[in-house]
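Taking it in order: structure first as structure tokens, then the write-up.
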Ligand SMILES: Cc1ncc(COP(=O)(O)O)c(C=O)c1O
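Residue numbers (the working numbering): 11 to 380.
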């Protein structure tokens, strides 16, 4: 089985498995306990907080561990907004290509009186700063634009959008689930106030992530999970220290694997193979994309049948994981003006770290037959 779905989740790295097993064996105490073992666990959690902060140019006190990017996105909106918005500042700007969890959060916020504007990407799937500027109103309290899109791999100009938000004095959030450890992130250079991360997108365990909140200690935040004061009171619940150890190992080890992966030039090789086999295709997205994620519309290929009949050979996604079991065309593909038929003929290929040329040739051979 060749796993072409790493944008949905990476296999857990071998080093991460070792780190988690060690943590389950030795760091089982509750990090809130005041005895020696508990304090040791609290120290190790704070060490990871520092490690993550160091990766993104933040202070450790600005990092909150969460269950993943979905929860981080919830915190970004629902913890910060109540203390920022008044009755006449209830407007949020986001985009048509965000992860579905952002739409769910926005639908909820709409039901309690917020107005949401959804900005369209350009044809290549990139959100332009001008388009965000046009959507701003004096009532805008929050702008949220994802860093890297999970279906196209496109990279948005977060630094420019952040500068604009800064000038307009509007809070800026970016969902960094797909960009973390794959694209350089410095929260000051990117001008972000809040940013979401997830461990399983970099070979870490599922169920752990983090949210960066600029100047966290001086903000009034409404907890999304009320609890016993953990994580600065923002996120109650016993801290998942073994998963945090796994997250730490992923942060440490993923870049090495990813650098080696980039050297394989897998996307370029796959496109060259498609050309060689005279397969008709269009690459969606811009040239400014992650090298690990490719969205291809295969005009003469029966993509649904290909996926169905080869499910024992390849893990492939049509659109995003969350929408791949739905009959509707992916909202991201619709946003870049693909017709329903084109969307149905579109594959998202996100490469495993250990991809080989033989794996790619095998895939192209199968594509050619459908
Ligand atoms: C851009 C983006 N945001 C959020 C998520 C949700 O992340 P998690 O599974 O950590 O909640 C994902 C992954 O599915 C994603 O790709």
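Where a beta carbon is used, it is the ideal one built from N, C-alpha and C, also for glycine.
Using alpha carbons as the reference points, say which of the options lies closest to residue i.
i	options	result
residue 221	231, 204 and 227	204
residue 130	145, 212, 182 and 60	145
residue 308	374, 363, 15 and 262	374
residue 184	367, 263 and 108	108
residue 410	192, 367 and 325	Lying before the first or after the last residue shown, residue 410 is absent from the chain, which here runs from 11 to 380.
residue 91	345, 376 and 231	231
residue 209	43, 186 and 227	186
residue 235	229, 226, 241 and 246	246
residue 213	11, 29 and 12	29
residue 346	122, 17, 97 and 132	132
residue 311	340, 227, 377 and 114	377
residue 341	69, 113, 66 and 31	113
residue 197	366, 355 and 73	73
residue 270	233, 356, 315 and 366	366
For ligand 1, any of its heavy atoms closer than 6 Å to the Cβ of residue i?
i	result
residue 327	no
residue 160	yes
residue 205	no
residue 185	yes
residue 61	no
residue 341	no
residue 208	yes
residue 156	yes
residue 80	yes
residue 188	yes
residue 295	no
residue 109	yes
residue 219	yes
Which class does residue i belong to by DSSP, given the choice of helix, strand or coil?
i	result
residue 285	helix
residue 262	helix
residue 220	strand
residue 294	strand
residue 273	helix
residue 100	coil
residue 54	helix
residue 257	helix
residue 267	helix
residue 346	coil
residue 170	helix
residue 28	helix
residue 198	coil
residue 140	helix
residue 245	strand
residue 121	helix
residue 190	strand
Assuming residue i and residue j are in contact, meaning their beta carbons sit under 8 Å apart, how far apart are those beta carbons, in whole angstroms?
i	j	result
residue 305	residue 162	5 Å
residue 89	residue 244	6 Å
residue 58	residue 195	Actually they do not touch by this definition, with Cβ atoms about 17 Å apart.
residue 135	residue 294	7 Å
residue 251	residue 54	7 Å
residue 215	residue 26	7 Å
residue 361	residue 14	7 Å
residue 147	residue 283	Contact doesn't hold; Cβ gap of about 48 Å is too wide.
residue 119	residue 75	In fact, because the Cβ distance is near 24 Å, the residues do not count as touching under 8 Å.
residue 23	residue 264	7 Å
residue 182	residue 172	5 Å
residue 18	residue 276	No, residue 18 and residue 276 are not in contact; Cβ-Cβ is about 17 Å, not under 8 Å.
residue 149	residue 101	4 Å
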